[in-house]
Each structure stands twice: as structure tokens, then as C-alpha cells.
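Asker: Just dropping this structure here.
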Amino acid sequence: AQRSSTTPPGVLNVGQISNSLAFFPLFVAEQKGYFAEEGVKLGERPRLGTGAKVAAALKSGSIDLGAGVMTDALNLARIDDKGRLVANLVDRYYVDVVVGASFAGASPSDPLDQRIRALRGKKIGITGPGSGTEALVTYLFAKAGMNSATDSELVNLGSTAAAALGALKGGRVDALAFFQPIAQQATAAGIGVRFISPAAGDVPGLERTSHGVVFTTQRIIDKKPKEVAAFQNALGRAQRFIHQADTGEIIRLLGLYLKGIDPKALTELPALMRSEIPESIGFSRSSFDTAIGFHRVTGLVKHLPSYEQIVPPALRTNAT
Amino acid sequence: MSDTVTSETVIEVSGLGKQFVKDAVGIVALRDFDLTIAQGSFVTVLGRSGCGKSTMLNLLAGLTTPTSGTVSYRGRPVAGPRTEVGYLTQSDTLMPWRSVHKNVELPLEIAGVPAQRRTEHAAELIGKVGLEGFERHYPRELSGGMRRRVSLARMLAGDPETLLMDEPFGALDAQLRGELQAELLRLWADGGQTVVFVTHDIEEALLLGDRVVVLGPVGRIVLDRPIDLPRPRDADELRIDPEFVALHRELTAALREGAR
Amino acid sequence: MSDTVTSETVIEVSGLGKQFVKDAVGIVALRDFDLTIAQGSFVTVLGRSGCGKSTMLNLLAGLTTPTSGTVSYRGRPVAGPRTEVGYLTQSDTLMPWRSVHKNVELPLEIAGVPAQRRTEHAAELIGKVGLEGFERHYPRELSGGMRRRVSLARMLAGDPETLLMDEPFGALDAQLRGELQAELLRLWADGGQTVVFVTHDIEEALLLGDRVVVLGPVGRIVLDRPIDLPRPRDADELRIDPEFVALHRELTAALREGAR
Amino acid sequence: MTAIQTVRLDRSWWGRHGGTATVWSLRALLVVALLVVWELTAERWFDITFTSKPSDIWTRLVQWHQDGTLWSNTWITVQEVVYGFLLGAAAGALTGFVLASARAFYQVLDPFIMALYAIPKVALAPLFIVWFGIGMSMKVLLAAATVFFLVFLNVAAGVREVDRGLIDAVRLMGGGRRDILVKVVVPSSMTGLLTGLKVAIPYALIGAVIGELVASNRGLGYLINDAAAQFDTAGVFATLVVLSVIAALLNLVVGLLDRRASRWKPLGEER
Amino acid sequence: MTAIQTVRLDRSWWGRHGGTATVWSLRALLVVALLVVWELTAERWFDITFTSKPSDIWTRLVQWHQDGTLWSNTWITVQEVVYGFLLGAAAGALTGFVLASARAFYQVLDPFIMALYAIPKVALAPLFIVWFGIGMSMKVLLAAATVFFLVFLNVAAGVREVDRGLIDAVRLMGGGRRDILVKVVVPSSMTGLLTGLKVAIPYALIGAVIGELVASNRGLGYLINDAAAQFDTAGVFATLVVLSVIAALLNLVVGLLDRRASRWKPLGEER
Ligand SMILES: Nc1ncnc2c1ncn2[C@@H]1O[C@H](COP(=O)(O)OP(=O)(O)OP(=O)(O)O)[C@@H](O)[C@H]1O
Ligand SMILES: Nc1ncnc2c1ncn2[C@@H]1O[C@H](COP(=O)(O)OP(=O)(O)OP(=O)(O)O)[C@@H](O)[C@H]1O
Ligand SMILES: [Mg+2]
Ligand SMILES: [Mg+2]
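Protein chains in written order, with our numbering: chain D, 40 to 359; chain H, 449 to 708; chain U, 449 to 708; chain R, 995 to 1265; chain Z, 995 to 1265.
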């Protein structure tokens, strides 16, 4: 049952995991009409929830491109040696650790090691097993010489913020490892505060890492080269736009993107976006290697591919 | 009928009417029906199929509410079924999931009789209706007549002082019917119960009743007369008794008239 | 009985036995039963309640399979119900969700009769059993006797050449019973049907049958004799006919013997 | 013979519709009471960030109504639900009638059916995507799959209860398997079918919504997910309100079917 | 009088258990056939990354058995399922018997019950977490909530069908509401109850698993989630196999109850 793309020429279906901040560039490109200008139409835009389902959709030909985290791309490459990266959306590890407002162990201003040790023996909410949120906890604990499996209790809360915040507020978990903007949402609702944020440079060695990516298979790239190129150009323009446009415009677009989010949570986001979203869609070898290293340490994916294998030549940038 | 309710009147019915609603018209099953039944009497009721006999018994038993008129039992209006009244309905209402024994025990269970006494009493009644050996059978494993007898035993288990019976012996063979008729009469003679007995068999009506009521359409009373044949009455002898033959003619004529 | 199956034999039963299984023992309902029924005969069957009459009819109709022995219809073994045989069962099997009219139409529907003819034929039969005006009633809106008559009409609608009837008139008043008996006899005289008629009423058995079979326990044949009272037979006249009285005595005695 | 005696009934509007009117006004009263209590106690008794309150929900509904979000998404879900329900119910009823009539066969298959039924469909989401894609058909099938089992099992139970006597009556009239099915089994197990339908309505909705949670960019499931992801509790509840209304409407339809099919039953007015 | 005539039946083992034995061997045969076909066609007809194959699933089960993963997680889910099922079924049956006997009251409440029933429980996961935490009780309640409605609605439908004549018979014996309930309504609507139980079994499982997907680090739901995240299709299917086995066992229990409760019914052996 290896079906190839079911979309007509000139159209790409892009499946994404969720409406998280990482996929803001896609939204911007759509809003600004960049896709149309570059000559590609976006068809279905399903939210699929997990990497496994993105992979399933890719394999069934329902979607042409998948937008998710690096882990999903690497997993796809593992089961299908034709897996390829298409664009780098976020070059930071955009998962934050948040603790309840009354968390006693340590304060966010303490040294990293102390903050990690304060999580020992606590219940930490994650989105699910094998996810990037679990991986971050594993990574942090390993950094402090602990083992997350034995030194903490990881609880799967699913990937909606409401459930996670509910658990934190109700005292069912002591901390959350969750996608951004969880920290901003928690602060706005008065539920918790940001505790550890790799994206903000809290974690040495994990400052820059390819994390939010668009990926597909070589088959699609071969079948729809023009459309994929146009898609990449449009995304590149969107990412440049995010860096160049004024803050008010970004806030307006974010407001449209994250309908229903607390306005208080919105104000901090433009700066965050600019620091996390790279100006181009390319993958630098260092970011990529950081990601590979991270996956190796956390054991998320067995059999990791090489840079040359999954980053197409056009996307190999040499910026450090 | 009687203007003053004497201490002897058990059931008094006046102006009773019953309509069923169907497709926005009212189907009259009983209209302006009056009847007074004295304590200890044995009233047999005859009438054409569909003339309202079962409807009347349902009302007497308090199972349905009349559209008009009142039923009173010992001077008090009947609002619902009463324990003193036993009613053997025309259709079978045995609990299909209970064995014969358990079915006969049911009224005793409800009355709170202890298990030991219940079992004994039920076994005795099952014997009386000729069903020993079938205690553990379920109703569907019995013949039509056997089911009818179980119903009879169940009604008797409640030990009612007034018995309403809707064609109790219609499905039984001549001999068994005779035996059960005799049993019923013995019970009645001993205990002073009041019996209202619907039947289609003119002979049976004459053999049992000391008063016979013939109903016409919608419960109009065509004939209401005492039967003073001497008791005990023997079916074979009666059949050639001139008084009996005359009564039989009279009732047949009344029934025929009621048909008009 | 007859050694050769003549062209006149409709139903031939030999060595018929039926056991029901209950709690790992077999309940014998019928044992070693033999019977031959000739084309065009009117056989009435009498027997005690529970002696196996309905079981026998079920077997004749092909509704249940015998434990032993065979039933054959016109020389061919009966494996299931046949269209030529109409069976009025003892218990009510009207479809509760169909009106009287629709119920009577059912056999015609199944036979594929066109709607127009169906309606006419059903209306005619409903009239014959005295239920005009009740066409649109559902079975639960009828009295017991009325339901019975609908069943009868339904059976007749199938226009069977052999009729098995299990106490068809037991729930009807004397007059109506007389009318329907007359109707049945007319049908039989005109159409040459074969009738097996179970009843509890000795008088009815004598009034209708040209042969009467009395069954004892587990279907043992206690008496099997032709009735050669002249037809048409009138109930009132018969009752004082000495031959009738003698027959009545004989049957009563047979029934009593069957009880032992 | 017994001539039928009837009287014209001169019942007032109240006499004919009084019962229905009372029931509906009591229901309305109950809705209002619930809403008022919820609104008043929302801040005191509950944690409003997780339970929201009626006025907020109403605001969100109005807002969605104005920007069209509400109707476009509802329309999609309604389509999925209706198709899924019809497909699942038809397949379930058919299979139920046929399988339950072939008793021995059903007995052999029963554990397999139950095993299939017991599999959480969410766990099969990737398979559903591979086989049926991410379009509407996937959601319709997911809804239909859930409805199927509920209707099937209820119908099968109903068929088992059919009165043997009625079947025999049709056999005596020379009716074959088809006649027995059409004239006896189907009408007689109507209660089973209707219970199955009633029980299945919510699962048609839940199936479609789960399908939308699995893969969608439209529909009420998507709205719920989106609102939950933004921590927009009022949005989640607004969607739930819409879902409940759809369920209530479908329930009304099944109720009408029930009333039609039960015309022959006693009203049980007296107790 | 009519003396009962009986004969001893000398039935062989086959005569008594032949039917059951045949059914079970046919079932076993079917399982084997299915597995063989699946195994042989897995690579050719299906995409093995999404459908796995029996030998892989078996390997995974053996592996999980050896490292203890299987039993510890299964035990947790079984507990949740059993508690949830018992709780939901008891509450549903009780409410069904009581509410359906109070007809008018039920009629007023019906749309509210249906509205509650129609809400996808997943959407309420945050509320469940806030109210009941992430422990076992939350999953038990989630399972119970689903079971409740299915049992309730089936029982209510069963109660509606109770023969008026039987109720009247008890009233004539002087029985009150309680007697009617215990002696008539409960035994008579047993089919409804049993259908409800049967239909609800899988939902007890699904409820517990959904609960584990939402908030857990143990149980079969967690295993599914874990396996799915690692693209371990064999693991997902291995868990589904375990779930199906639990469902089949519960189904067997309900089947035994059914057989006990239906002893009085005709066997319908002949057709
Ligand atoms: N539920 C009902 N709805 C409509 N009509 C009814 C209902 N019950 C009874 N009837 C009508 O009431 C009339 C009297 O019925 P009832 O059962 O009292 O007759 P009956 O005298 O007992 O007849 P039978 O001797 O045949 O039992 C009949 O015409 C019948 O059609
Ligand atoms: N399903 C069954 N299971 C067990 N025993 C049965 C079953 N059906 C009938 N019997 C038994 O078979 C015997 C004969 O029953 P049948 O119905 O033939 O009697 P009948 O002669 O028709 O009596 P009646 O005149 O009372 O209708 C009875 O003893 C009955 O208990
Ligand atoms: Mg009557
Ligand atoms: Mg019989």
C-alpha cells in the first residue's frame, strides 16, 4: 500500500502536528499570499496530532509534506530511507519546563543544575511517551547525572494545553514540559512560571538545534519538484518577513493564528518568534548535529540518519 | 338498585362507563352500568363475546379507571387493586421466568409469608388443581389448560374474600372442569366468599350461580335473575330437570336478545 | 390402522412419539401414537388437559419434529409446515403490530395475492366472524373472544384443504359458537376439507364430528368411533335424542377412563 | 353481530397537546435553571478557567456565528455524522437481522465481533489514515464503525427475543425465511433497533469528532482541539453545546420513528 | 390426575456437549485461518509498517512477557476496566430501573441525558484531570461514565417493554412499587440489561484506555501510546490483542450471566 501523492499538479497538501507556534511561518506565508505568488496552492491542511499519523498520511498519499518536529522526520527516515527534510522552521528547542506558582524546590533564577535537581522525585507532565517533551526531561536529567525514568514520574497529558494546565493547576503534577507558548499561557492564567527554557539559552549545548521542520519523501520531491521549490521559497519569504515586519503586525497575525489565546500571553511572543525562527529555511550542520546528538542521548530514535542523507543539498547552509 | 347500602353489599357499581380512545374517537365498552353484589353471593355473568364482561371485571378489580360512574367496595370507592379481591383474568399472566411452584408462591411472597409455609401452601394448591409433578416446570412447558390451572392456584393462594373469575374453566376438559367446579363450590360454601364468575357456558352458569346476569352490548343488563335450583346440583341430573331446561331456554333467549 | 395407504388417506401417523427435555430427563408428551385420517373426514378429538392434544397437532402441522415415528401427508413425510394445512393454534399468534384487517390479510400477502383482492377477501372473512367495524383495531384492543375469531378468519384466509383446530370456539358465547360451527360445517360440506378439531366440549364433539377420538395420557387412544348421527344436527333437538345421550355417556366414560 | 359503538371525542387543544406542552415547558425550565445556577456559581464553586460560564460560552458562540466559523464547521461535522450514522445503522441493522437469524453462525462469530468492537478506534488512527486518507470519508467510516456495532448488537438481541409462536404462524402460512424476516422479525425487534439507534447517536458524533481530532482542519472536533490547545475553555464548551444540540435533534428524529413504530403498543397511561 | 411421565435420558458426552465443542473448534479454526492469512499476505497486500504481522506481534508479546511490561500494565488496565464496568453498570441499571418506571419524569430528563451522553469524553479530559486527578480513579470514572449511559439506555428500553398484564397481576396481589420492580420489571427487562452489559464491555475498556492516553504512565493505553510514538506497530497490535482478550473474557462472563438468566426461555433449537 505505497501510494504516492493524490493531489493534482500545482497543489500540495501539508499535514501538521498541531497549531503550535513552530508552524507560524506557514500561516504567515498563507496570509501574505506568498504561496500563491510562488505558484503553489495549499490543499488540505490537516492537524494530525502525532508524528506516526503524519507518517501514515504521507505514506497513504493524503499529504505531500509533513510539518512536525525533528523527531518525526528522523522516525520517518528510519522506516523509509527516502525521508527528506524540506524546511527548517524553528532552530531552537521550543519546549519549556513550567512549574506551579508555589513550586518550592528552586527559583527560575537559580543555576540550571540546581533547577534540574529540584525536579527530582516530582511528577512532571509531558505530552506523551516518545515525544520531544519527554526527551527534554530525559536530556536535562541526564545532564545532571540523574535518570528521568527513576528519579521522576513522567505523566502523559496529551498535547492540548488545557489538559496540561489543568493538571498543573489542580496540583496533579508539579511541573510541565510542554510546547511553547505554555509558559506564557501559564503566566497569563496565573498557574505557573517558566522554569527552564532551552530556547532562551538556559541549557548550554542546546541553544541552537533544528527542531520545527517540514519533511517529506524523495518520491514526492521527484514527483513535484516545482511545487516543493515554490513552497520552500514562500516559506523563506515568510521567515524573512517575521524578522523584518513591525511588532504590531506580528502580534496581529499571531492573534489570528492563535485564536482564543489570552491577550496577555501574546505580548511576549514576537520577540520569542524572532529569536527562534531562522531567517532562512536551511539546516546548518551544527544545528543538525545538535539535534542528532540530542536524539542519541535521549534514545528517542534508533538508527539516526546522517546530514548528507536527509538534508537535500540545496538546504545545506554553512552558517555556524 | 338498592337505595341504601346495607352491610351485606360487597360491590356496588353505579353509572359505570368505560371508553377507550382510538384514533380520536371513543370506543364505548361499557355504558351506564349498575350492579350490586351481596356478600356471599355467587353471581355468574353471561354475555356475547365483546359485550364488555372483561372490561367490567377490570373495573371491579380496580385495574382500570372508569370514564364515568363509580365502583365501591364495602362502601368505599375503589381506586386501585385491593388485596381482598382475587381476579383470575381472561388472559394468561403467569410470570414466564418462574416455575409453576414459584408462580403459585408469588402472592404469598408479596404478603410476606415465611418460606416454609409458602412452600407447603403452594404444594397443596398445586395438588388441588391436579398438577403435582409439574412444580418445577416453566409456564411455556405446560399445556394451555395446565397454565390456566396454575393461574387459578395462584389466585387462590392469595386467599381472597371476593373472587372475580373470567372464564376460568373454558380451556379444561369436562371431567376436570367438573372437579374444579366442585372444588370452587366447596370453597365458597365453607368460606363465605363472594364470587363473580364470567362464563360462556350456560350450563355452567346455572350449575354454579345463585344469580345470573346476562349482558347485552356495552354492558346493558338483559336479564338479572336468581337461580334457586336446589344444591348440590349434579350436572347429569340437572340436564333432565324441567326447571333447568326452562332456565336454559330463558338464558339462551336472553343472550339472543342481547345480540340485537 | 389401515395397512395400505389408500388415495383417501390424508394424514397418516405411525409410532409417533414426542419427548421434551427438561433438566436432563425426558418428559413424554406423546408415545406410540397411531392415527389415520381420511380425506374429507371431520375428526373431533377429546382428551384431558395435558394429555398431548396440542403436541399431536403441532406434529401433524409439521411445526415440531417427532422424537420417534413419522407423520405423512398424502403419503409423503411431513418435514415442515405445508401451505395446504391450516392450523388454528391453541394460543394466540396474531401479530400485535398489525390491525385486524392486516392480520387477516397476512396469509394472502405471503401467497402473493394482489392488494385489491386481498382487501376484499379479508373484509369478507372479517364479516363472517362478526367483526365488521373492528378492521382497524389492533389485537390488544379486542376482547379475548374477538381475538380468537380474528385468528380463525386468518386461518380461513389461507384457504387450506386440511384444517387443524385447537379449541377454536372455547372462548365464545353459545350463540356465536353456534353460528361459527354452522359456518364451519357449511365450509366443510361445500369444499370437502378435512378437519381435525380438538375440543373440550363433548356436545360440540358430537355436534360436529363424523368420527371422535378420545385420548388418554400421553396420547393413548381410549376410544375411536364414528358418529353417525344424521346431519344437519341441531343442538337443541340433539340434547333429547337418546342416541346422542348414549354417545355422551360413552364419551364421558371414556374420558374418565382416560384419566386413570 | 357485535356492532361497534363509538362516540365523538370533543377534546380541547389542552386535552390533546397538554401532555406534550407540559413536558416541553418543564424541559425549558430545567435548561434555564441549570444555566442560571451555573452562571451564578461558576466563579465561586468551580474553577472558571476549566469550566467557563454560560455568558462566556454565549459570547464565543455569537463571535463564531459572526465570523462564520460556527456554521462552516458545524455543517461539516453534521454531514459526517449523518452519513456515518446512516451507513453504520443500515449496515448494523442488516447484519443484525441476518446474522441473528442464523443462530449457530452468529454464535461462532460472536467473540470475533466483540474483539473487533473492543478495539479503541483511536489506536487504529494511523491505519485508518493509510486506508481511508484524511478526508471526510475517513471520519464517516470512523463514525459508521462505532454506530455499526451498537446497532448490530441491539438488533441481534431484539431478534433473539422474537416470539417463536409468531414465526411459526408465518411458517404455517407457507412463508419462507424472507417472509419471516420481513413480517415478523423486523417489526418484532423494532425496540431493539430503536434502542440501538438511540444509543448510537452520540457515538456517530463522537466517532466523527474523534476522526476530526485525528486529522482535520475543519469540523467541530477541530474546533475543540484548537480551543483546547489555546486553553480557550469557553471555546471548548461552546463546541460541546453545538454537539449536544446536534445529538438532541437526532434523538428527536429517532423519537419520532419510535412513536410511529410503537403506535400499536398500549399507552400505559394509567399506573 | 395427569401424572407426569418421564424417561431417563442416556445422552453421551457428545450429545450433551457436542454443540459447545463444535462451536469452540470452529472458533479456533477461524482464529488460526485468520492468523495464517494475515501472516502470509502481510507483506504483499498490506503496508507492514502500519499493519504489522502475527509473528512480529507474537515476538513482541513474548518480549513484553519476559520483561514484565505486559503483566504490570495489563493488571492496571484490568483493574480500571473491572471497577469502571461494575460501577457504571450498577449505576446505569439502578438509574434505568428507577427512572424508566417514573415515565413522565424520564420523558422530561431524556434530552438532558442524551446531551450529556453525546459529549465526547476526550474533550472533557482537562476537567476530569482537574476534578479527579491523574490516578486510577480518574480512569475508572471515565470508563464508568461511558458504561453508565449504555447500560442505562438499554435497561430503560427494556423496562418500557414490560408486559402490562404482569404488572397488573402483581398489583392484584397487593404488591407495591417495590414488588413490581423486583418481581416483574427486573426479571422481565433482563434482556435489556444483558444487552446493555454486553454493549458496554468494550466501552469500559475504551474508556480506561482513553483515560490512560490522557493522563498516565502505566496501563495498556500508555503502552499503545508509547508504541505508536516509536512507530512500533507490532507493539500497538500486541496491546490491541491483549485488549481484545480482556474484552472476550468479560464477554464470556456476561454470556454466562445471560445463560443463567435465560434458563426459562425456549431453546429455539428447531427452525
Ligand atoms: N384497549 C382497548 N382499546 C379499544 N377497545 C377496547 C380495548 N379493550 C377492549 N376494547 C373493546 O371493548 C369491548 C369489550 O371488550 P371486553 O374485553 O370487555 O369483552 P368481553 O365481554 O370480555 O368479550 P369476550 O367474551 O370475547 O372476552 C370490545 O368491543 C373491545 O373491542
Ligand atoms: N416445551 C415443553 N417442555 C416440556 N414439556 C412440555 C412442553 N410442551 C408440552 N409439554 C408437556 O406435554 C404434555 C402435553 O401437552 P399438550 O400441550 O399437548 O397438552 P394438551 O392435550 O393440548 O392439553 P390442553 O387441553 O390443556 O391444552 C404436558 O404434560 C406438558 O407439560
Ligand atoms: Mg373477556
Ligand atoms: Mg392444548
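C-beta atoms are modelled at their ideal positions from N, C-alpha and C, and glycine is treated no differently.
(1) Please identify, using Cβ separations under 7 Å, the residues of the stretch 158-174 of chain D that lie next to chain Z, in order along the chain.
(2) Exposed or buried, what is G88 of chain D when buried is set at 16 or more other beta-carbons lying within 10 Å of its beta-carbon?
(3) Tell me the rounded alpha-carbon separation between I1051 of chain Z and R524 of chain U.
(4) For W1039 of chain R, does the count of other Cβ atoms within 10 angstroms reach 16, so buried, or fall short, so exposed?
(5) Kindly indicate which three-state DSSP category P309 of chain D falls into: helix, strand or coil?
(6) Using a Cβ cut-off of 7 Å, pull out every chain R residue sitting near A1241 of chain Z, in sequence order please.
(7) Pick out every residue whose C-beta is nearer than 6 Å to a heavy atom of ligand 3: which are they, in chain order?
(8) Determine which residues of the stretch 1204-1223 of chain R have a Cβ less than 8 Å from any Cβ of chain D, and write them out in chain order.
(9) For R479 of chain H, I'd like the list of residues in its chain whose CB is within less than 7 Å of its CB, leaving aside the five on either flank, ordered along the chain.
(10) Rounded to whole angstroms, what's the CA-CA distance from E1206 of chain Z to P302 of chain D? Just pull it up for me.
(11) Taking C-beta pairs closer than 9 Å, name the residues in chain U that E468 of chain H reaches, listed in chain order.
(12) By the criterion of Cβ-Cβ separation under 9 Å, what are the contact partners of L677 of chain U in chain H?
(13) Please state whether DSSP places L612 of chain H in a helix, a strand or coil.
(14) Name, in chain order, the residues that DSSP records as bridge partners for L483 of chain H.
(15) Just checking Q1073 of chain Z against ligand 6 - is the residue's beta carbon closer than 7 Å to any of the ligand's heavy atoms?
(16) Assign I475 of chain H to one of three DSSP states: helix, strand, or coil.
(17) In whole angstroms, what is the alpha-carbon distance linking T356 of chain D and G275 of chain D?
(18) Is A1223 of chain R near N114 of chain D, with beta carbons less than 8 Å apart?
(19) Flag this pair as yes or no: are the beta carbons of P1232 of chain R and R1054 of chain R separated by less than 8 Å?
(20) Closer than 7 Å by beta-carbon distance: list the chain Z residues that pair up with A544 of chain H, in chain order.
(21) With 16 other CB atoms within 10 Å as the buried threshold, where does L1023 of chain R fall?
(22) For the alpha helix (DSSP H) that contains Y1100 of chain R, what are its first and last residues?
(23) Strictly under 8 Å for the Cβ-Cβ distance: is M603 of chain U near chain H by that measure?
(24) Is the stretch 543-561 of chain U in contact with the stretch 598-618 of chain U, if contact means three or more CB pairs nearer than 8 Å?
(25) Kindly list the residues whose CB is nearer than 7 Å to the CB of T492 of chain U, restricted to its own chain and excluding five residues on each side of it in sequence; keep chain order.
(26) Flag E652 of chain U as yes when its Cβ comes closer than 7 Å to any non-hydrogen atom of ligand 2, and as no otherwise.
(27) Going straight from the alpha carbon of R1165 of chain Z to that of L536 of chain H, what length do you get?
(28) What runs of the beta strand (DSSP E), each 3 residues or longer, lie entirely inside the stretch 502-554 of chain H?
(29) Given a threshold of 16 other Cβ atoms within 10 Å of its Cβ, counted over all protein chains shown, does W1058 of chain Z qualify as buried or as exposed?
(30) For chain H, is any of its Cβ atoms less than 8 Å away from the one on D1252 of chain Z?
(31) Run through DSSP, which three-state label would Y1050 of chain R get?
(32) Three or more beta-carbon pairs under 8 Å between the stretch 456-473 of chain U and the stretch 673-692 of chain H, yes or no?
(33) Cα separation between H569 of chain H and V552 of chain H?
(34) The beta strand (DSSP E) that contains I1240 of chain Z, what's its start and end?
(35) Enumerate in chain order the residues of its own chain whose CB-to-CB distance from G122 of chain D is below 7 Å, with the five nearest sequence positions on each side excluded.
(36) When you measure from the CB of G495 of chain U to every non-hydrogen atom of ligand 2, does any distance come out below 7 Å?
Answerer: The structure says:
(1) G167, P168, G169, S170
(2) buried
(3) 58 Å
(4) exposed
(5) helix
(6) M1108, A1109, A1112
(7) H:K501, H:S502, H:Q538, H:D614, U:S591, U:G592
(8) L1207, V1208, A1209, S1210, N1211, Y1216, N1219, D1220, A1221, A1222, A1223
(9) G465, V666, G667
(10) 33 Å
(11) Position check: residue 468 of chain H holds Phe in this sequence, whereas Glu was assumed. Here the neighbours are E589.
(12) Chain H residues near L677 of chain U: none, gap ~18 Å exceeds 9 Å.
(13) strand
(14) H:V461
(15) In the structure on display, ligand 6 does not appear, and the ligands it does have are ligand 1, ligand 2, ligand 3 and ligand 4.
(16) strand
(17) 14 Å
(18) no
(19) Reading the sequence as shown, one finds Ala at residue 1232 of chain R and not Pro. Yes, the pair counts as a contact, with Cβ atoms nearer than the cut-off.
(20) At residue 544 of chain H the sequence reads Pro, which differs from the Ala that was named. W1258, listed in chain order.
(21) exposed
(22) 1097-1112
(23) no
(24) yes
(25) F645, T647, A653, L656, G657, V660
(26) no
(27) 13 Å
(28) 516-521, 533-536
(29) buried
(30) no
(31) The sequence shown places Asp at residue 1050 of chain R, rather than the Tyr named in the question. Reduced to three states, the DSSP call for D1050 of chain R is helix.
(32) no
(33) 9 Å
(34) Run containing I1240 of chain Z: none in the beta strand (DSSP E); it sits in the alpha helix (DSSP H), 1227-1255.
(35) A112, L115, A116, F254, T256, I349
(36) yes
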